[in-house]
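Engineer: A single structure is presented below for examination.
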Amino acid sequence: MKDEKQHKCFLLLIACMVVLWIAQPGMGLVVSEVMYHPADAAEILEFIELYNNRAVFEDLSGCSFTNGIQYVFGPGTIIGPGQYLVVARDPGALQEAYVINGVEGPYTGRLNNDGERIELTNNNGGIIISLRYDDERPWPASSDGAGHSLILDRLGGDPEEAPTWSDSVLVGGTPGGPDVVQAGNDEPTIVTLVDVGHRGRYFKGTQNPSTDLDGQATTAWTEPGFNDEPVRTGWLDGPSGYGYSNEAGELQLIGTQLNDMRGNYISVYARLPFMLTAMQISGFSRLEAEVYYDDAFVLYLNGVRVAASGDISGNPPRFDQGASQASDDQVATVDLSGRINLLVPGTNVLAIQTHNATLSSSSDCVGTPILRAVAETSQSIVNPRARLVINEVLANSDAASGTDRIELYNPGPTTVDLSNVYLSDDDGDLLKYKIPDGIVLQPGDFREFSESEFGFGLSAAGETIYVTAATDETVPLPVRVLDAVDYGAMEPEVTFGRFPDGSDCFGFLASATFGGPNAQPAINDIVINEIMYHHGMRDERFEYIELYNRGSGTVSFAGWAFTDGIDYSFDAGTEMPPDSYMVVAKDPDFLVGVYDNLIIGSNLVGPYVGGLDDHSERIRLSYPYQDVDPI
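Each residue of the sequence shown is one higher than the last, beginning at 304 in this note's numbering.
Below you can see the structure in the form of structure tokens.
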């Protein structure tokens, strides 16, 4: 359990989100994914992903991120129609972790883990994109250090609004490509594992890339564990699609131009790594390769020969073996569904050797493999249609220590199997408690877990609870945070939960109802009634927050404070009679001259520290609470 301060503030009233809509320019360019708080301790895997939603190219030359991070795009930076561009804090680390290429950066600055505004401007200073993200509800808690990214799942939505965003389906996100939610999840999803331009390494065929003790060619170079480090070997870094040509159509298939090949070497070898998890592999129903080649090829998957053009001899062909005949560029489609068993969790390698007919007779050479899989929608817990939520929590029981409780709920529409699902209150250890295998929740089902089962105490002062799906392995790895709920300090025997069940509306509930539908939220007497956060005169002195006592008794504000949005602690003698109003002002001396009905010390207090954001933020009013949880 996390360290706690002696004095805790209990969230009393309202997390009030005020949004000022900012119209976006007509460009179809959007921020489609943000990894602002990655799970790695150094947070080097931060990134921002851009997506071009138009049917024409977008030229970002000279454009820059000027708020949140700082980065200027160089000349010739183009995003094609329907294409993605990733900007990273550490491009090398991101490319290595995700086995992708073409990442821009590094940018300067850090994405704020508590939320901030990101702005992309053109070379004249005009705003192209402006959005603000947050780490407070209703923004996804799983994106705040648990490994998920924020993804834009409504392209036409307002990027200032939390409902426009969701957490990525899988831990780590999908930089450089669509998340399953963005791609649409009701139908089977085509997953491109290797494409033109994929990050890889190649070897010029001046000799065999691997040999046995007798100097004969082997296929060791096609295996995942083969050493292809450029520093110590003859292998070179270069994006997929290897060869040379003068034809425009063929040039679109070539990511690495081999201008020295003709007359010097007849073959080229390439290794294209890609990462998979066990759950991804289990969801594949089909695997297919498209190989664009000229004149001949042999294709390997994780060291196994899986396809060849048939016009070259040898197993494997020697580096100086020519194709039996010259040909124009061709494409071979190969069904590898029967080879899905070759895929492994972690690093996989698609390898190809391409051969010309002769050293000098061919005007071109092309070797470009594309590998795709079909991921079926299933009843698996990683199915994005399968929902499992934390529905009700008790973290402060008078009954006895060790009686905390967590309730899970399946809001539908599919059955959820809780095998390989874990509970935790620590984003650094998401797999604290493994729910027993075999528990299945039908839509509408509840399942309660007590502290005697999950084994860790919940803080009465408030924290975050996670429910996570993991791999079915000896050493399991988190795959997807199914839900994450943060709650504030709790009064004894008061539960925190959703109403109605499974919704995004949270509150302290009128009564505990574990194992059944939640009770309605408890009614509070003090409410935030009015907010002036952006006056037309653009003068912060006009700012204020108005409170109203809708109850039947006088409320003492001794020890109360605004703890989010603004900072203000009420004087010990401050009270609100029933059916009365009180204004908390940025500058009471100024505001009393604006409104005749205000009296300092009576219905007007302040000043507070800070200022109300002109766009969006959370305002939290708390009252003092002494933590008595013995755990």
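Positions of the beta carbon are idealized from the N, C-alpha and C atoms, including for glycine. Predicted model only: the values in this text are computed from it and were never measured.
Which value, in whole angstroms, describes the spacing of the CA atoms of G383 and E361?
Structural biologist: If you number the sequence shown from 1, residue 383 lands on position 80. If you number the sequence shown from 1, residue 361 lands on position 58. Roughly 6 Å separates the two Cα atoms.
Engineer: Would you give the residue range spanned by the beta strand (DSSP E) that S753 belongs to?
Structural biologist: Reading the sequence shown from its first residue, position 450 is the one you call residue 753. From DSSP, the beta strand (DSSP E) with S753 extends over 749–753.
Engineer: Report yes or no: do three or more beta-carbon pairs, one from the segment 907–927 and one from the segment 879–890, lie closer than 8 Å?
Structural biologist: The answer is yes - the segment 879–890 touches the segment 907–927, with three or more Cβ pairs under 8 Å.
Engineer: Is C808 buried or exposed, if buried means 16 or more other CB atoms sit within 10 Å of its CB?
Structural biologist: Residue numbering aside, residue 808 sits at position 505 when the sequence shown is read from its first letter. Label assigned to C808: exposed.
Engineer: According to DSSP, is S335 part of a helix, a strand, or is it coil?
Structural biologist: Position 32 of the sequence shown holds residue 335. Strand, per DSSP.
Engineer: Assign G385 to one of three DSSP states: helix, strand, or coil.
Structural biologist: Indexing the sequence shown from 1 puts residue 385 at position 82. Here G385 sits in coil by DSSP.
Engineer: Give me the Cα-Cα distance between E407 and A391, rounded to the nearest whole angstrom.
Structural biologist: Here the question's residue 407 lines up with position 104 in the sequence shown. Here the question's residue 391 lines up with position 88 in the sequence shown. Their backbone Cα atoms lie some 6 Å apart in a straight line.
Engineer: So F799 and Y790 are in contact, right, with Cβ under 8 Å, and what is the actual spacing, rounded?
Structural biologist: Along the sequence shown, one-based indexing puts residue 799 at 496. Along the sequence shown, one-based indexing puts residue 790 at 487. Rounded, the Cβ-Cβ distance is 4 Å, consistent with contact.
Engineer: In three-state DSSP terms, what is N644?
Structural biologist: Here the question's residue 644 lines up with position 341 in the sequence shown. DSSP places N644 in helix when its eight states are reduced to three.
Engineer: What residue range does the beta strand (DSSP E) around Y712 cover?
Structural biologist: In the sequence shown, counting from the first residue as 1, residue 712 sits at position 409. Taken as a continuous stretch (DSSP letters only), the beta strand (DSSP E) holding Y712 covers 708–712.
Engineer: Taking buried to mean at least 16 other C-beta atoms within 10 Å of its own C-beta, is M840 buried or exposed?
Structural biologist: Sequence index remark: in the sequence shown, residue 840 carries index 537 (1-based). So M840 ends up on the exposed side.
Engineer: Name the DSSP beta bridge partners of G965, please?
Structural biologist: In the structure as shown, the chain begins at 304 and stops at 934. Residue 965 is therefore absent and cannot be evaluated.
Engineer: Based on the DSSP secondary-structure assignment, which residues constitute the bridge partners of G800?
Structural biologist: Counting from 1 along the sequence shown, the entry for residue 800 is found at position 497. According to DSSP, G800 bridges with E695, G810.
Engineer: Taking the alpha carbon of L556 as the point to measure from, which residue in Y568, G566, P542 has its own alpha carbon closest?
Structural biologist: For the purposes of this step, residue 556 is taken as residue 253 along the sequence shown, with counting starting at 1. Minimum Cα distance to L556 is reached at P542.
Engineer: For Q628, which residues from the same chain have a beta carbon less than 8 Å from its beta carbon, with the 5 sequence-adjacent residues on both sides left out?
Structural biologist: Taking the first residue of the sequence shown as 1, we reach residue 628 at position 325. These residues qualify, in order along the chain: D598, D614, A660.
Engineer: What does a CB cutoff of less than 6 Å around P781 pick up in its chain, not counting 5 residues either side in sequence?
Structural biologist: Walking along the sequence shown from the start, residue 781 turns up at place 478. Correct list, in chain order: V474, L733, T771, A773.
Engineer: Across which residues does DSSP place L539 in a beta bridge pair?
Structural biologist: As a working mapping, residue 539 is identified with position 236 in the sequence shown. DSSP, once it has assigned bridges, lists Y505 as partnering L539.
Engineer: Three or more C-beta pairs closer than 8 Å, one from the segment 576–590 and one from the segment 605–613: is that the case here?
Structural biologist: Not touching, per the Cβ criterion.
Engineer: Three or more C-beta pairs closer than 8 Å, one from the segment 367–387 and one from the segment 511–529: is that the case here?
Structural biologist: No contact exists between the segment 367–387 and the segment 511–529.
Engineer: Do you know whose CA, among G450, G856, L579, lies nearest L645's CA?
Structural biologist: Along the sequence shown, read from residue 1 onward, the residue named residue 645 stands at position 342. Comparing Cα-Cα distances from L645 to each of G450, G856, L579, the minimum goes to L579.
Engineer: Going by Cα to Cα distance, which pick from G508, E754, R750, T495 is closest to R621?
Structural biologist: Taking the first residue of the sequence shown as 1, we reach residue 621 at position 318. Comparing Cα positions, the closest option is G508.
Engineer: Return yes when at least one heavy atom of the ligand MN lies under 7 Å from the C-beta of Y354, else no.
Structural biologist: Absence of the ligand MN from the depicted structure is noted, as is the absence of any ligand whatsoever, leaving it without description.
Engineer: When burial is assigned at 16 or more other CB atoms within 10 Å of the CB, is D531 buried or exposed?
Structural biologist: Position 228 of the sequence shown, counted from the start, is the residue given in the question as residue 531. Its Cβ being crowded by 16 or more others within 10 Å, D531 is buried.
Engineer: Tell me the rounded alpha-carbon separation between Q682 and P533.
Structural biologist: As a position in the sequence shown, residue 682 is number 379, starting the count at 1. As a position in the sequence shown, residue 533 is number 230, starting the count at 1. Caution is warranted here: a pLDDT of 42 is assigned to Q682, below 50, making its placement in the model unreliable, and no coordinate value can be reported.
Engineer: Taking 8 Å as the cut-off, does the segment 913–926 touch the segment 857–872 (at least 3 CB pairs, one atom from each stretch)?
Structural biologist: Cβ pair count under 8 Å is three or more, so yes.
Engineer: With 16 other CB atoms within 10 Å as the buried threshold, where does E352 fall?
Structural biologist: Taking the sequence shown and counting its residues from 1, one reaches residue 352 at position 49. Under this definition E352 is a buried residue.
Engineer: For G715, tell me which candidate among L691, M793, I738 has the shortest Cα-Cα distance.
Structural biologist: In the sequence shown, residue 715 corresponds to position 412, counting from 1. Here the closest residue by C-alpha is L691.
Engineer: Could you please give the first and the last residue of the uninterrupted alpha helix (DSSP H) stretch that includes Y401?
Structural biologist: In the sequence shown, counting from the first residue as 1, residue 401 sits at position 98. That run of the alpha helix (DSSP H) goes 394–401.
Engineer: Starting from L894 and walking both ways along the alpha helix (DSSP H), at which residues does that stretch end?
Structural biologist: Reading the sequence shown from its first residue, position 591 is the one you call residue 894. Looking at the DSSP string, the run of the alpha helix (DSSP H) that includes L894 is 891–894.
Engineer: Here's a check: name, in chain order, each residue in its chain whose Cβ is nearer than 8 Å to the Cβ of N356, leaving out the five neighbours to either side.
Structural biologist: Counting from one through the sequence shown, the residue named residue 356 turns up at place 53. Closer than 8 Å at the Cβ level, and outside the excluded window around N356, lie G331, L332, V333, G385, L458.
Engineer: For the alpha helix (DSSP H) containing G552, list its first residue and its last residue.
Structural biologist: Locating residue 552 in the sequence shown gives position 249, where the first residue counts as 1. Its alpha helix (DSSP H) spans residues 551–554.
Engineer: State the Cα-Cα distance for the pair A326 and L363, rounded to the nearest angstrom.
Structural biologist: To locate residue 326, count along the sequence shown from 1; it is residue 23. To locate residue 363, count along the sequence shown from 1; it is residue 60. Legend: pLDDT at A326 = 31, less than 50; position of this residue unreliable, value from coordinates given subsequently. Using only the alpha carbons, I get a separation of about 20 Å.
Engineer: Can you find at least 3 beta carbon pairs, one from the segment 816–835 and one from the segment 850–861, that sit closer than 8 Å?
Structural biologist: These segments touch.
Engineer: Measure how close the beta-carbons of L561 and G537 come, nearest whole angstrom, since I'm counting them as under 8 Å.
Structural biologist: Position 258 of the sequence shown holds residue 561. Position 234 of the sequence shown holds residue 537. With a Cβ gap of about 14 Å, L561 and G537 do not count as contacting.
Engineer: Whose C-alpha, out of F749, V696, D707, is nearest the C-alpha of D720?
Structural biologist: Looking up residue 720 in the sequence shown gives position 417. Comparing Cα-Cα distances from D720 to each of F749, V696, D707, the minimum goes to F749.
Engineer: Measuring straight from C-alpha to C-alpha, what distance separates G558 and G405?
Structural biologist: Within the sequence shown, residue 558 is the residue found at index 255, counting from 1. Within the sequence shown, residue 405 is the residue found at index 102, counting from 1. Rounded to whole angstroms, G558 to G405 spans 11 Å at the Cα level.
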